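Numbering (my numbering), first residue to last: 1 to 418.
Contents: one structure, followed by commentary.
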């Protein structure tokens, strides 16, 4: 998206705000959005961080609309704020927000339009104020920064598409961004082939942002020096190594980009390691345990329930596969033996109890652990028929993680593609 050649009208500005809210954690999109110029402009040498600043401005503006003490919880102001919070910070769909707040469709869209208009007014006023006042508005303490980073990671996870991502291909794509930036900093960059390393359980946008944040930090340290990007496989870890040598590598500082990278890596089952080389250089490693993720087969005729479990397990070492019937589940089990099965009881044709009995009487499937998930209060029956545990619907993320804990390992995400 091009930079604005003329100041926007109020109507255009409002459209830009809606666009950015709907893609608040799509950093490549935010990077070139006109609002980044109006609300989050930095010096030219740091333009890669404009997306982070724009995101911070929007999150602060939303949180500033939180009603003060003494405002009744059922007031229109609280309802409007909760719509913003659930829709754009927590990443829920409109239907999910309506359900959470017990709102009808017309009421929801009226309230949303009203609060978006108020948010746009606040941002419009911010843009038209003197720059000094705008700068003071974004001067936040370390606690607020940590909260914003946490919210950013949660939002990304909520919209993540978890899949196998070719890290070598992704890094090759990033050269179009990294090489021009390196030239402006007089840094020599060496890309060593990664030998087709594949992140098995990652979101492409999250992985791209984690790698890019680390590389841009290294380029800042290595002004007039060099940066080397390579793969590594040592002991039980494997991943991407970014090393920098230059005048500033002995004067290292912690940046927000690395804080974001650390949380993104944790969400994808990995870690960020930072090391100094006897005062002569700097090195970062984006590392994952070299193991294969577990497979959870969710058998439920409600596809939304499967999507819920995918969100719950985002960033954990579990691949979630859904089946809407016992027939489909049998096919999946034959092709991909799951680590654990989460089974709904109330399904058409063959109900969950019948399917559980069939699983436990077959020599091929009796050893697969089954977790029964149901609105029916029948935990004893589930255990009697062979389930390892019972989860009452609605299932919380904490309950699911506790149920899966016996099969968790420090496994995860990165290994050579096969």
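The beta carbon of each residue, even a glycine, is placed where N, CA and C say it ideally should be.
Remember, predicted model here, so these are calculated numbers, not experimental data.
Rounded straight-line distance, which links the Cα of residue j to that of residue i
i	j	result
residue 181	residue 39	23 Å
residue 378	residue 51	50 Å
residue 79	residue 21	18 Å
residue 98	residue 178	43 Å
residue 165	residue 75	45 Å
residue 68	residue 77	10 Å
residue 392	residue 403	12 Å
residue 234	residue 193	16 Å
residue 5	residue 33	Bear in mind that a pLDDT of 44 at residue 5, under 50, signals an unreliable position, so the number given afterwards is only what the model happens to contain. If you take the alpha carbons of residue 5 and residue 33, they lie about 13 Å apart.
residue 266	residue 313	12 Å
residue 219	residue 236	28 Å
residue 356	residue 308	22 Å
residue 405	residue 256	32 Å
residue 273	residue 224	24 Å
residue 264	residue 85	21 Å
residue 296	residue 238	24 Å
residue 284	residue 260	14 Å
residue 305	residue 318	16 Å
residue 424	residue 289	With the chain covering only 1 through 418, there is no way to say anything about residue 424.
residue 96	residue 87	9 Å
residue 271	residue 172	22 Å
residue 169	residue 286	16 Å
residue 363	residue 207	41 Å
residue 229	residue 199	17 Å
residue 132	residue 281	In this prediction, residue 132 scores a pLDDT of 40, lower than 50, which makes its location untrustworthy; the coordinate-derived value is nonetheless stated afterwards. Rounded to whole angstroms, residue 132 to residue 281 spans 37 Å at the Cα level.
residue 276	residue 191	20 Å
residue 106	residue 94	12 Å
residue 151	residue 354	42 Å
residue 205	residue 163	11 Å
residue 12	residue 331	51 Å
residue 108	residue 268	34 Å
residue 139	residue 55	Summary for residue 139: the model assigns pLDDT 46, below 50, so the residue's position carries little reliability; its value from the coordinates is reported in the next sentence. Answer to the nearest angstrom: the Cα atoms are 14 Å apart.
residue 345	residue 381	11 Å
residue 153	residue 59	13 Å
Residues near residue i by beta carbon distance below 7 Å, same chain, minus five either side
i	result
residue 395	373
residue 350	326
residue 365	333, 359
residue 213	257, 258, 260, 261
Paired residues, beta bridge with residue i - DSSP
i	result
residue 238	233, 288
residue 374	392
residue 191	229
residue 20	DSSP lists no partner for residue 20.
residue 272	286
residue 245	226
residue 297	321, 341
residue 163	202
For residue j and residue i, believed in contact at Cβ under 8 Å, the rounded distance
i	j	result
residue 340	residue 371	6 Å
residue 360	residue 376	Not really, about 19 Å apart at Cβ, beyond 8 Å.
residue 186	residue 156	Rounded, the Cβ-Cβ distance is 33 Å, inconsistent with contact.
residue 112	residue 83	5 Å
residue 120	residue 36	No, residue 120 and residue 36 are not in contact; Cβ-Cβ is about 16 Å, not under 8 Å.
residue 298	residue 342	5 Å
residue 232	residue 226	Contact doesn't hold; Cβ gap of about 18 Å is too wide.
residue 348	residue 301	6 Å
Opening and closing residue of the beta strand (DSSP E) in which residue i lies
i	result
residue 389	389–392
residue 344	340–344
Residues near residue i in its chain [Cβ-Cβ closer than 6 Å; skip 5 each side]
i	result
residue 65	81
residue 27	51, 209
residue 400	312
residue 143	Its pLDDT being 47, under 50, residue 143 is placed unreliably in this model, and the value from its coordinates should be taken loosely. Nothing listed; no residue qualifies.
Chain-order list of residues whose beta-carbon lies under 8 Å from that of residue i (same chain, five-residue window excluded)
i	result
residue 383	389, 390
residue 407	294, 339, 340, 369
residue 23	29, 30
residue 215	174, 178, 227, 229, 242
residue 104	98
Limits of the unbroken alpha helix (DSSP H) element including residue i
i	result
residue 181	167–184
residue 402	397–404
residue 356	352–361
residue 219	204–221
residue 333	326–335
residue 71	Premise fails: residue 71 is in no alpha helix (DSSP H) and is neither H nor E.
residue 368	Per DSSP, residue 368 belongs to no alpha helix (DSSP H) and is neither H nor E.
residue 105	105–128
residue 99	94–101
residue 82	76–84
residue 265	256–267
residue 314	Where residue 314 is concerned, there is no enclosing alpha helix (DSSP H), given that its DSSP letter is neither H nor E.
residue 381	379–384
residue 29	27–31
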